[in-house]
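Novice: Residue numbers (our numbering): 13 to 458.
Take this structure first; my questions come after.
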């Protein structure tokens, strides 16, 4: 009997162990399945979260682009009404019809260029990248970097430049009416500037010609007048004069003076011929939320209207050369260094300088932007060509505007708005209460 009991007990233990193994295996499988399900559920949740975040970002981007485009269209509608307003403002009932039509044609012809600059500024304001285009490369050698930064600094206004003695010296030397000084100064500038930037080439041409209008046109006109008085009026001789010795254009070697005069023409034409190979290094990039369309066909050309001015300049130059050649051909032996020829060359210099007046007007910032369609650039301290950024402005403490609308007043207005929305407070009563509250406040302050 004891053996039978022991055998039964052993079999029971064996079966219990087997059952326990089965249960353990089943539990392990259940845990593995539970872990797998939990991991799958977590992956699904994270995937749904990523999709929701992407959908939210896409919706935000869509709404931002839509709002910017709508705002751009509305601004453009307002801008399109400006020509008509300007025409009405300058219209005069007593103005001859021919003059009135000419005025309207001038406004219509100039407006596409003006509108393009306005809409570009709007596009930059709405959709520009946060930062200006960065400088590229390590910069030139230290010699060019030094003079680039001191003559055309990107972080200084006119008041900052006036504090720089190097800038002042270069400006004053370029205005010296002595023949050859202006071409020498601008030859140096041409050698150091970045000739791969569109604006730098354009501003070189405009500043050279604008300076020529002052130095060769105005200053040499005054100088020639007093030299003429000195050689004719001062001696007070009825039968003679001293203009062959001290008249306009006599001083200085004529060959050097003529060479300097021809050099300035060569320099501006070399700069003009380099324009097609240049690029806009200061142009701000848009993020693509809005589209910008060119309003003027001339704006897509390098240098804008400067091409027409260069044609005008070469016509004036050829006319001056023809006059000088005619005078030289009438002298004995066709000598170019004879005093009459020197006087004629001096007069030709003055005339050619005065014909540079259109270039001088283009040096003004407003006209420059409209007619060139080039982004102003200058140089950083390393001599790299960048967008003009101006001087750094000190951070000002943020103004406190809480006194404009105290919290208790704001809370009161908000409560009334809620009451109006719920229909428990009539609008007229709310307005009357606010007027009464304002009157009480004014009486307290008085």
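Idealized CB from N, CA, C, for every residue including glycine.
All figures in this text were calculated on a predicted structure; none of them were measured in a lab.
Use the C-beta contact count for residue 435: other C-beta atoms within 10 angstroms, 16 or more gives buried, fewer gives exposed.
Specialist: Classification for residue 435: exposed.
Novice: Can you tell me where the alpha helix (DSSP H) holding residue 359 begins and where it ends?
Specialist: Looking at the DSSP string, the run of the alpha helix (DSSP H) that includes residue 359 is 351 to 366.
Novice: Are there three or more Cβ pairs, one per stretch, closer than 8 Å when the stretch 297 to 304 is compared with the stretch 211 to 224?
Specialist: They do not touch, by the three-pair rule.
Novice: Return the Cβ separation of residue 362 and residue 229 in integer angstroms, given the expectation that the two are a contact with Cβ distance under 8 Å.
Specialist: That pair is a contact at about 6 Å.
Novice: Using only alpha-carbon positions, find the residue among 184, 206, 129 that is nearest to residue 160.
Specialist: Considering only alpha carbons, the answer is 206.
Novice: In the DSSP assignment, find the beta strand (DSSP E) that holds residue 398 and state where it starts and stops.
Specialist: Note, residue 398: beta strand (DSSP E), 397 to 399.
Novice: Please determine if the stretch 316 to 333 and the stretch 274 to 284 are in contact, where contact requires at least 3 C-beta pairs separated by less than 8 Å.
Specialist: The stretch 316 to 333 is in contact with the stretch 274 to 284.
Novice: Kindly provide the ranges of any alpha helix (DSSP H) runs that are 4 or more residues long and lie completely inside the stretch 263 to 307, ordered along the chain.
Specialist: Qualifying alpha helix (DSSP H) stretches, in chain order: 266 to 286.
Novice: Quick check on the DSSP output: the alpha helix (DSSP H) that includes residue 164 runs from which residue to which?
Specialist: No alpha helix (DSSP H) holds residue 164; DSSP gives it neither H nor E.
Novice: What do you get for residue 238, buried or exposed, if any count of 16 or more other CB atoms within 10 angstroms of its CB means buried?
Specialist: Exposed, because fewer than 16 other Cβ atoms sit within 10 Å of the Cβ of residue 238.
Novice: Where does residue 338 land, buried or exposed, given buried means 16+ other C-beta within 10 angstroms?
Specialist: Exposed is the call here.
Novice: On the CB-based measure, 16 or more other CB atoms within 10 Å of its CB, does residue 194 come out buried or exposed?
Specialist: Label assigned to residue 194: buried.
Novice: How should residue 359 be labelled, buried or exposed, when 16 other C-beta atoms within 10 angstroms of its C-beta is the threshold for buried?
Specialist: Per the 10 Å Cβ criterion, buried.
Novice: For residue 287, count the other beta carbons within 10 Å of its own beta carbon; 16 or more makes it buried, fewer makes it exposed. Which is it?
Specialist: Under this definition residue 287 is a buried residue.
Novice: Does the structure place the stretch 362 to 379 close enough to the stretch 90 to 109 that three or more beta carbon pairs sit under 8 Å?
Specialist: Taking 8 Å as the limit for Cβ pairs, the verdict is that the stretch 362 to 379 does not touch the stretch 90 to 109.
Novice: Determine, using beta carbons only, whether residue 392 comes closer than 9 Å to chain D.
Specialist: Among the chains in the structure shown there is no chain D, since it carries only a single protein chain.
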